[in-house]
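Number of protein chains: 2
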Amino acid sequence: METILPKFDSVFSIDCVIFGFQTNELKILLIERNEEPYKSWHALPGYFVKNDESIDDAAERILYELTGLRDLHMEQFHTFGDVDRHPQGRVITVAYYALIRIDGQQELKPVSSYAKSAFWYPVNELEKLPFDHGKVFETSFRKLRRRLHYQPIAFELLPEKFTLTQLQTLYEAILNKKLDKRNFRKKMLSYGFLKELDEKQKGVSYRAATLYRFDRRKYNKIFQNELTVNG
Amino acid sequence: METILPKFDSVFSIDCVIFGFQTNELKILLIERNEEPYKSWHALPGYFVKNDESIDDAAERILYELTGLRDLHMEQFHTFGDVDRHPQGRVITVAYYALIRIDGQQELKPVSSYAKSAFWYPVNELEKLPFDHGKVFETSFRKLRRRLHYQPIAFELLPEKFTLTQLQTLYEAILNKKLDKRNFRKKMLSYGFLKELDEKQKGVSYRAATLYRFDRRKYNKIFQNELTVNG
DNA sequence: TTACTTAGTGTAAACAATACACCTTATCTT
DNA sequence: AAGATAAGGTGTATTGTTTACACTAAGTAA
């Protein structure tokens, strides 16, 4: 009773949009391609899925091979499947996004020869990207904006200890609009998941701000209640 | 300088979750499979993507072949890519969902021999589904709930002319909780995109309710403004 | 005419969102 | 040490939104 699966010359790939926040700018991770097509172009990190790995695993592996980054929590956000999106054949790509703390220590070093280098690039200065990567990026950015309203994604981009002004600057970078300082602070603190630390910012040439930490345990408690209440 | 794409024995498929609303119940469309594996099981309509069609086109074609339904606006919501999700090989599936008016006229008649029949099934009474279709459905339902809050999806499920009570019942079915009649009406009418008709419900054995129509033009105006305002 | 069933309506209270400006504190310069 | 500079940090009044809540009106059926 076995039916045999049809065979097509088609492959899956993964593309990753990795967001970071550095010097008050929102950035994404790009690689310099070392393979045709689009050799030497700047592109989203992406490659083909192997036959024996889940797409989630593939996303992790590929990001690691192309950038040296590991163990970030990536989430799928859209699949792009136009027939001609890849000049050499049918490639359907599942796009993932992740948020990461750029801490200056971590090295960006491709492990695979497929990428010459990997680097952070400000989203506001993006040039033309190969394939449909422009569309992929736009889709991810819209998703990011939307999620900012109902998920604690900002804290994945900031250092462990951060000031309220840094938090606000990040929100402004993602939403692309100015926010009111007093209202922003009032609202953030009202949630109850920000822990004020006995510690001040260091190395600034003006009054140092209080540092805060995101308390995920408290956040989860609040969020769980909401889920229950809203059915 | 041509690089050749790697070849794998892997295929893409599409699975569809089609929601409908009938006799005050939220339903989805299932087919009775006519092929192994899971022959004779009830499953989500789904099949393989051809090599020369976009995944969006494939979704339309497949739904038509398996159910006879055409021209509904489907939207991709998630891609499922675990290695062992299909017992016969590597199949990555892109899941789509759509909303449809069940108007009693339209026939559900598979065009392909792959499905024996197609029928509406209440989401509250779903039995075990083959493959990972249970997971697919759950994901789609969560998405539907979420979208109900920011997109006018209810009106795609209702007949053109509907009463406020019908609208409320639908909301209650999707959100799985009771809503307050006065507050619900107040809020819906406050949006300004519901047009009150000079017409009453017919064929009921009690006081007939006023019929309304969804005014998409007005909705778009309101929605566009919101987009602009919120950056 | 009466009973039944659903349609249709308003207000007060609590809460959330917005608009808005000045004093404080630390550092740096001279 | 005084003053300039730069960001930190704070409260209130207004408006809009959400919630809770119960009765009368209208049509149908017996």
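Keeping their order, the protein sequence lines are chains A and B.
Mapping of the first sequence onto my numbering: residues 1 to 231, in sequence order.
Mapping of the second sequence onto my numbering: residues 1001 to 1231, in sequence order.
We put the beta carbon where it would ideally sit given N, CA and C, even for glycine.
* Which term fits B/Q1166, buried or exposed, when burial requires 16 or more other beta carbons within 10 angstroms of its beta carbon? -> buried
* The alpha helix (DSSP H) spanning A/D198 covers which residue range? -> Note, A/D198: premise wrong, no alpha helix (DSSP H); beta strand (DSSP E) at 194-200.
* Relative to the C-alpha of A/L178, which residue among A/R185, A/T169, A/Q224 is closest? -> Per the sequence shown, residue 178 of chain A should be read as Lys rather than Leu. A/K178 has its Cα closest to that of A/T169, out of A/R185, A/T169, A/Q224.
* **Nearest residue (CA-CA) to A/R142, options A/S13, A/F48, A/V17** => A/V17
* To do: Say whether chain B places a C-beta atom closer than 9 Å to the C-beta of A/S113.
  => no
* Taking contact to mean at least 3 C-beta pairs separated by less than 8 Å, is the region 1074-1086 of chain B in contact with the region 71-84 of chain A? -> yes
* Since A/F19 and A/L30 are thought to touch, with beta carbons under 8 Å apart, how far apart are those beta carbons, to the nearest angstrom? -> Incorrect: roughly 12 Å between the Cβ atoms, too far for contact.
* Within 9 Å (strictly less), CB to CB, does A/Q224 reach chain B? -> no
* To do: Closer than 9 Å by beta-carbon distance: list the chain A residues that pair up with B/Q1168, in chain order.
  => Within chain A, no residue comes near B/Q1168; the closest Cβ sits about 15 Å away, beyond 9 Å.
* Does DSSP put B/G1203 in a helix, a strand or coil? -> coil
* To do: Kindly indicate which three-state DSSP category A/T169 falls into: helix, strand or coil?
  => helix
* To do: State yes or no: is the beta carbon of B/H1078 nearer than 9 Å to at least one beta carbon in chain A?
  => yes
* **Endpoints, alpha helix (DSSP H) assigned at B/G1134** => 1133-1148
* To do: For A/R90, name the three-state secondary structure that DSSP assigns.
  => strand
* **Contacts around A/N230, its chain only, beta-carbon distance under 7 Å, and the 5 residues preceding and following it disregarded** => Summary for A/N230: the model assigns pLDDT 36, below 50, so the residue's position carries little reliability, and this model does not support an answer.
* Asked: At what residues does the alpha helix (DSSP H) containing B/A1058 begin and finish?
  -> 1055-1067
* **Local conformation of A/Q151 per DSSP, three classes** => coil
* Asked: How far does the beta strand (DSSP E) with B/L1030 in it reach, from first residue to last?
  -> 1025-1033
* Tell me, to the nearest whole angstrom, how far the beta carbon of B/Y1212 is from that of B/L1194; I am working on the premise that it is less than 8 Å. => 5 Å
* Would you say the region 45-57 of chain A touches the region 182-192 of chain A, given that touching needs at least three Cβ pairs under 8 Å? -> no
* Asked: Of all the CB atoms in chain A, is at least one closer than 9 Å to the CB of B/G1081?
  -> yes
* Asked: Looking at the structure shown, is B/S1040 part of a helix, part of a strand, or coil, going by DSSP?
  -> coil
* Residue-level contact to chain B via CB, A/R147, 9 Å cutoff -> no
* **Run of the beta strand (DSSP E) containing A/Y47, from where it starts to where it stops** => 46-48
* To do: In angstroms with no decimal places, state the Cα-to-Cα distance between B/D1015 and B/D1198.
  => 41 Å
* Measuring only between beta-carbons, confirm whether B/F1019 sits less than 9 Å from chain A. => no
* Could you tell me which residues DSSP pairs with B/H1078 in its beta bridges? => B/A1095
* Asked: Where does B/V1111 sit, in a helix, a strand or coil, going by DSSP?
  -> coil
* Check whether the region 35-42 of chain A touches the region 130-141 of chain A, taking contact to mean three or more Cβ pairs, one atom from each stretch, closer than 8 Å. => yes
* Interface positions of the region 1166-1197 of chain B facing chain A (Cβ-Cβ less than 7 Å), listed along the chain -> L1175, N1176, K1177
* Asked: Among A/K202, A/A59, A/E65, A/E60, which residue has its Cα nearest to the Cα of A/F111?
  -> It should be pointed out that residue 111 of chain A corresponds to Val in this sequence rather than to Phe. Taking only the C-alpha atoms, the option nearest A/V111 is A/E65.
* Asked: Taking the alpha-carbon positions, what's the B/A1208 to B/N1176 distance?
  -> 26 Å
* To do: State buried or exposed for B/I1092, treating a residue as buried only when at least 16 other CB atoms are found within 10 Å of its CB.
  => buried
* Asked: Helix, strand or coil: how does DSSP classify A/R70 here?
  -> coil
* To do: In the DSSP assignment, find the beta strand (DSSP E) that holds A/R213 and state where it starts and stops.
  => 210-214
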